[in-house]
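Protein chains: 2
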Amino acid sequence: MSDPTQLTALAAAREIALGRLTSEALVHALLERIDARNDTVRAWTYLDRKQALAEARLRDSERPRSPLHGVPVGVKDILDTHDMPTGHGSPIYQDNQPSQDAACVALLRDAGMVVMGKTVTTEFALRNPGATRNPHDPTRTPGGSSSGSAAGVADFQIPLGIGTQTSGSIIRPASFCGVVGYKPTHGRIMRNGMKILAESLDTIGCMARSVNDANAFASIMEASPIQRLADVGPSPSFAFVKSPAWPEAEAGSRSAVKEAVDRVRQAGGSVVEIELPPVFKDALEAQDVIMTYEAWRALAYERYFHLDKLSVALKQAVAAGGDHTRERYDWARNVQATCKAMFWQVFQKFGAVLTPAAAGEAPKNLAYTGSPNFNRLWTMLGVPCVTLPGLVGPAGMPVGIQCVGAAGRAHETLAHAAWLEGALQGRLQDHT
Amino acid sequence: MSDPTQLTALAAAREIALGRLTSEALVHALLERIDARNDTVRAWTYLDRKQALAEARLRDSERPRSPLHGVPVGVKDILDTHDMPTGHGSPIYQDNQPSQDAACVALLRDAGMVVMGKTVTTEFALRNPGATRNPHDPTRTPGGSSSGSAAGVADFQIPLGIGTQTSGSIIRPASFCGVVGYKPTHGRIMRNGMKILAESLDTIGCMARSVNDANAFASIMEASPIQRLADVGPSPSFAFVKSPAWPEAEAGSRSAVKEAVDRVRQAGGSVVEIELPPVFKDALEAQDVIMTYEAWRALAYERYFHLDKLSVALKQAVAAGGDHTRERYDWARNVQATCKAMFWQVFQKFGAVLTPAAAGEAPKNLAYTGSPNFNRLWTMLGVPCVTLPGLVGPAGMPVGIQCVGAAGRAHETLAHAAWLEGALQGRLQDHT
Chain A
81 MSDPTQLTAL
91 AAAREIALGR
101 LTSEALVHAL
111 LERIDARNDT
121 VRAWTYLDRK
131 QALAEARLRD
141 SERPRSPLHG
151 VPVGVKDILD
161 THDMPTGHGS
171 PIYQDNQPSQ
181 DAACVALLRD
191 AGMVVMGKTV
201 TTEFALRNPG
211 ATRNPHDPTR
221 TPGGSSSGSA
231 AGVADFQIPL
241 GIGTQTSGSI
251 IRPASFCGVV
261 GYKPTHGRIM
271 RNGMKILAES
281 LDTIGCMARS
291 VNDANAFASI
301 MEASPIQRLA
311 DVGPSPSFAF
321 VKSPAWPEAE
331 AGSRSAVKEA
341 VDRVRQAGGS
351 VVEIELPPVF
361 KDALEAQDVI
371 MTYEAWRALA
381 YERYFHLDKL
391 SVALKQAVAA
401 GGDHTRERYD
411 WARNVQATCK
421 AMFWQVFQKF
431 GAVLTPAAAG
441 EAPKNLAYTG
451 SPNFNRLWTM
461 LGVPCVTLPG
471 LVGPAGMPVG
481 IQCVGAAGRA
491 HETLAHAAWL
501 EGALQGRLQD
511 HT
Chain B
81 MSDPTQLTAL
91 AAAREIALGR
101 LTSEALVHAL
111 LERIDARNDT
121 VRAWTYLDRK
131 QALAEARLRD
141 SERPRSPLHG
151 VPVGVKDILD
161 THDMPTGHGS
171 PIYQDNQPSQ
181 DAACVALLRD
191 AGMVVMGKTV
201 TTEFALRNPG
211 ATRNPHDPTR
221 TPGGSSSGSA
231 AGVADFQIPL
241 GIGTQTSGSI
251 IRPASFCGVV
261 GYKPTHGRIM
271 RNGMKILAES
281 LDTIGCMARS
291 VNDANAFASI
301 MEASPIQRLA
311 DVGPSPSFAF
321 VKSPAWPEAE
331 AGSRSAVKEA
341 VDRVRQAGGS
351 VVEIELPPVF
361 KDALEAQDVI
371 MTYEAWRALA
381 YERYFHLDKL
391 SVALKQAVAA
401 GGDHTRERYD
411 WARNVQATCK
421 AMFWQVFQKF
431 GAVLTPAAAG
441 EAPKNLAYTG
451 SPNFNRLWTM
461 LGVPCVTLPG
471 LVGPAGMPVG
481 IQCVGAAGRA
491 HETLAHAAWL
501 EGALQGRLQD
511 HT
């Protein structure tokens, strides 16, 4: 058969269920790919080849426990694993061996999936980058904070990776690396065993190579039945929103949006540009207040006992949180609540919102994971977001296009994203 | 000087700051009290006398870092401590030594407070009781899940204890043991390093022997400045709400409410009985759906790897969570959101709500921590709750009275609770 590293997760699981592939053979092929590419991409912070193969063999000995049985996953290294160290991207936790799995990790094991290893995160999922490089150009950042999961999935080292997002840590690296990134509705995947950064914002999600894979994997981590994505009909309606960060949009994202809009229309869909209501003008500031206020407190142990082991970048990133008053935080949470209530009032006649996934192509800078400003609003709203690959910028690097929906309407959002994925693939087929 | 175990936390810290008491002497006196009473009360799951004294001496060598400098605290054993084991009330975590402190624990250390030891929790803060007994009658439950913190504070073994509440786990044991219990607004004390049970509900708070102590301690855990409680004026206004659980109210709580209302009026305040709007009829059911749906998922690791080490009571308590559909959970979260929005619309002309803290006196049953039904609505709303001691039931056991406010108006709620505390103490003085 053809190279199993190229299979989507659902396709691989199907081959395994049909007896045409084993989980062990799949893991073996992925390990070969990692061996060939690891010096360049550096997606992993922990990988024990024997352990991964042993877990795959265990899965091969079982009857399928789910539609993703036997599929290996990369786990972002801020999620506890009872059998692998968990470093949080920080020297403070260099030798940290948790005694439990994060709830989402246990749920994927319960579904017969294989934990391949731990993927690189920035320091506590904030700004300070890890070792990972963009697989399409190793002089560029993969984005952060879910750097290793995005790069690993993009480089065919793993079909699925867990990511988390507090500002733009799933959607941005997915966009930079050219994979599907999915941030579910806030609070739907439980965070027991995750290193909390800002609990009003932190959201567990995933990297995948198709919307269907993302839907299946997220459903497993949510412990909900996997539902086949609904057909959105021949002419779905999208609202295009520039978002408060639009002035930062680079050529890559401007042309990606234009191409996506063209492609939606060619495929029969409609796109109407919409302005955000005035209350959204405070959204980015409010998100920053919430994040820094909460993160400064959440990292109290590290600040008190290990200040010398925190990076300057991290200390700078959360410093404002120590200065914000409770009243300022209350203001920010009120902006959040108001924007949440307004969002779907404005957009409810549309199937989904189209908006840039990032400012543009991945910066040519390994010390900077890029701006999260095209993601922070949507994270604050707690709404489901999907970024889709298929478009490229002026330097030939991937540029994502983001599909956003209403809180609690993740299925509808994913269904629209799947339709758009088809429309974008049609475009690519026209040009190749 | 008089027995330091009888001091409130603020009074003890004042004595320490003035050089009339040392943290070491205070810890020593508390350890003597524990030695005398531990066989009866059993509040502690971990206590290392040398370690507590050494930490106290360290604090004695410093200049005061906060108005609670040198004051020892009992930490509920679902909160991580980097220097003490953390058992979550479960044999699964018998040897669990976290590598970090929970954020709230680090914040109290940063304030110069002393971690005395870990206090007994029910299994994962759910129903299955630990070893603790009610200090007023060891044949009765201390309530749960924050059993050890409530009993320890009531028995003068510790001036302050950390509790957490998902249904009624702070207010109910505080009521049963006759101490002040304070559940702040949901989300104000960060939960990094806490064993999550149901993240839409879990709230960190405290047990104390005065409202001022609770205010100071919670402010430290929130990393906010300690504000002196405002004077609510001579005639504060209360709304009395029976709550959906009223049919369960026993003689002790019925008479406590009546006495509290009388006392408020005698002291110059007003009380008006108010009915909850019809939407609240679904509140208890919705809270149960949210809790079981989330807890079943949060405990995925324990269910998958250690099912045989979970108690029957725990498995029963979360079983429904595995059956609820996502749609059912969405329904419950919508009820929660609607009730939150309605609550203060109805009560905004009042300073606070008065309502029972528990069904009545502590049950004479060490296998049952009592019903949380007088707490579940308020926990679901995420609003600040304070229970006050001072009233007694027909068997002479403590019965609390609960003061509830609006989310984000914790200060106002505490100020009203402090006024009520004074009014109740006045009553007691009349009768003794």
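Residue numbers (this note's numbering), protein chains in the order written: chain A, 81 to 512; chain B, 81 to 512.
Beta carbons are placed, not taken as given, at the ideal position from N, Cα and C, and that holds for glycine.
Quick caveat: nothing in here was measured; it's all calculated off a predicted structure.
C-beta neighbour in chain B for residue i, strict 8 angstroms
i         : result
A/Ala-186 : yes
A/Ser-304 : yes
A/Asp-342 : no
A/Asp-510 : With a pLDDT of 37 at A/Asp-510, under the threshold of 50, the modelled position of this residue cannot be trusted, and the question is left open.
A/Gly-488 : yes
A/Met-270 : yes
A/Gly-267 : yes
Proximity test, Cβ basis, 8 angstroms: residue i and chain A
i         : result
B/Asp-368 : no
B/Tyr-448 : no
B/Gln-404 : The question names Gln, but residue 404 of chain B is His in the sequence shown. Not one chain A Cβ lies under 8 angstroms of B/His-404.
B/Arg-507 : Its pLDDT being 41, under 50, B/Arg-507 is placed unreliably in this model, and the coordinates cannot settle the point.
B/Gly-273 : yes
B/Leu-494 : no
B/Gly-285 : no
B/Ser-247 : no
B/Asp-388 : no
B/Tyr-384 : yes
B/His-162 : yes
Length of the line joining the Cα atoms of residue i and residue j
i         : j         : result
B/Ala-490 : B/Leu-309 : 10 angstroms
A/Leu-206 : A/Ser-225 : 6 angstroms
A/Val-260 : B/Ala-380 : 26 angstroms
A/Gln-505 : A/Met-477 : 17 angstroms
A/Ser-103 : A/Ala-319 : 42 angstroms
B/Thr-85  : A/Tyr-262 : 54 angstroms
A/Gly-548 : A/Pro-316 : Lying before the first or after the last residue shown, residue 548 of chain A is absent from chain A, which here runs from 81 to 512.
B/Ala-116 : B/Ala-503 : 33 angstroms
B/Ile-242 : B/Glu-353 : 32 angstroms
B/Leu-133 : B/His-108 : 7 angstroms
B/Arg-252 : B/Ser-323 : 15 angstroms
B/Gly-167 : B/His-386 : 14 angstroms
B/Pro-305 : B/Leu-127 : 30 angstroms
B/Glu-532 : B/Ala-375 : A question about residue 532 of chain B goes unanswered here, because the residues of chain B that appear run from 81 up to 512.
B/Asp-403 : B/Thr-265 : 30 angstroms
B/Gly-232 : B/Ser-255 : 13 angstroms
A/Gly-462 : A/Phe-360 : 14 angstroms
Per DSSP, the bridge partner or partners of residue i
i         : result
A/Thr-435 : A/Gln-482
A/Val-194 : A/Pro-152
A/Asp-217 : A/Asn-214
B/Ala-319 : B/Val-352, B/Val-433
B/Lys-263 : B/Cys-465
B/Gly-243 : B/Gly-285
B/Met-164 : B/Thr-161
A/Thr-199 : A/Trp-124, A/Lys-156
Residue i, enclosing beta strand (DSSP E) - first and last residue
i         : result
B/Pro-469 : 465-472
B/Phe-297 : From DSSP, B/Phe-297 is part of no beta strand (DSSP E) but of the alpha helix (DSSP H) over 291-302.
A/Thr-283 : 283-288
A/Thr-125 : 124-126
Enclosing alpha helix (DSSP H) for residue i [first to last residue]
i         : result
B/Trp-376 : 363-378
B/Leu-394 : 392-403
A/Pro-253 : 251-257
B/Phe-204 : First-last for B/Phe-204: undefined, no H or E at that position.
B/Phe-427 : 406-427
Would the region 193-206 of chain B count as touching the region 161-172 of chain B if we require 3 or more Cβ pairs under 8 angstroms?
yes
Validate contact between the region 291-301 of chain A and the region 403-422 of chain A using beta carbons, cut 8 angstroms, 3 pairs
no
Cβ contact (3+ pairs, closer than 8 angstroms) linking the region 168-181 of chain A and the region 284-291 of chain A
no
How do the region 443-463 of chain A and the region 232-249 of chain A stand: do at least 3 beta-carbon pairs fall below 8 angstroms, yes or no?
yes
Say whether the region 206-218 of chain A touches the region 377-397 of chain A, bearing in mind that this needs 3 or more beta-carbon pairs closer than 8 angstroms, one atom from each stretch.
yes
Should the region 422-441 of chain B be called in touch with the region 224-239 of chain B, which here means at least 3 C-beta pairs below 8 angstroms?
no
Flag this pair as touching only if the region 455-474 of chain A and the region 332-349 of chain A have three or more C-beta atom pairs under 8 angstroms; answer yes or no.
yes
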